[in-house]
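0 is the number of the first residue of the sequence shown in numbering that gives the first Met the number 0; add one for each residue after it.
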Amino acid sequence: MAELQFFTGTMDSGKSTLALQTNHNHAARGRIGRIFTAHDRAGEAVLSSRLGLEHEALEVTDDFDFWRHVVDSLTHGARIDYLICDEAQFYQPRQIDQLARIVDELQIDVFAFGILSDFRTELFAGSRRLVELADRTQVLQVEALCWCGKRATHNARTENGEMVTEGEVIVVGDVEDADHEPAEVAYEVLCRQHHRRRMTAARARAVSMVSEPLPFT
């Protein structure tokens, strides 16, 4: 039986790498799939991993209809055994419903990959719907680490090097190298404690020689 599977984790946990590996494994067994992504860091219509791997993909816009796309393809003689859906947090809830319908009515496997919550610690709409509908939700076992060494659980956004908790939900950026100046918009993974205190790696370095007061207000 086909399934809707959701693989989730913070940034740097290997979601896109796993998406590419999943596609490779199924294609190696003679299965034919379609790859989708949205707002990938490498640009439009590309599924990319921070390890440097890339694969062409179909870009999912807000008005993209998965059901219509798959039905039209099958009607014109195409074969589709599975769908790889990366950056699924950016999909609209109705698009997740379409993916569930594809699984149930067309018996096509769907493998979705995405982040659960945004830089405000609020669930992405697409991820919320996937948790509600997926046959299986799996948290990736490759743990991303906060700068302090603890398990990273939150995604932080920085603008001009300063952590922010307000603003547009979708602003595509990437994690800058520690040896370079911070990008205008960049992202970093933090543990809950340091996300609450807005203590990014850069800020921690800046105050490393200064004794901090106890965290009481």
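Built from N, CA and C at the ideal position, the CB exists for glycine as well.
- Contact between the segment 82 to 102 and the segment 116 to 131 is established, with three or more Cβ pairs separated by less than 8 Å.
- Residue 4 carries a strand assignment under DSSP once its states are collapsed to helix, strand and coil.
- In its chain, beyond the 5 residues on either side, 122, 123, 126, 153, 154 have a beta carbon closer than 8 Å to the beta carbon of residue 116.
- With respect to the 9 Å criterion, residue 136 and residue 7 are classified as neighbours on the basis of their beta carbons.
- By the beta-carbon neighbour count (other beta carbons within 10 angstroms, threshold 16), residue 138 is exposed.
- Residue 126 carries a helical assignment under DSSP once its states are collapsed to helix, strand and coil.
- Exclusion of the five residues before and after residue 91 leaves 61, 124, 125 as the residues of its chain whose Cβ lies within less than 8 Å of its Cβ.
- Within the DSSP secondary-structure output, residue 34 pairs in a beta bridge with 83.
- Taken atom to atom, the span from the alpha-carbon of residue 3 to that of residue 111 is near 8 Å.
- Under DSSP, the beta-bridge partners assigned to residue 111 are 5, 84.
- In terms of CA proximity to residue 5, 82 leads the group 146, 82, 45.
- Around residue 68, the same chain offers no residue with a beta carbon nearer than 6 Å, after the five sequence neighbours per side are excluded.
- DSSP places residue 137 in the uninterrupted beta strand (DSSP E) bounded by 135 to 138.
- In the three-state reduction of the DSSP assignment, residue 54 falls in the strand class.
- In the three-state reduction of the DSSP assignment, residue 185 falls in the strand class, which pools E and B.
- Burial is judged here by how many other beta carbons sit within 10 angstroms of a residue's own beta carbon; residue 188 has at least 16 and is buried.
- Here residue 149 is not near residue 84, since their CB atoms are 9 Å or more apart.
- When the beta-carbon positions are compared, residue 36 and residue 86 come within less than 9 Å of each other.
- The beta carbons of residue 32 and residue 71 sit about 16 Å from each other, so the pair does not count as a contact at 8 Å.
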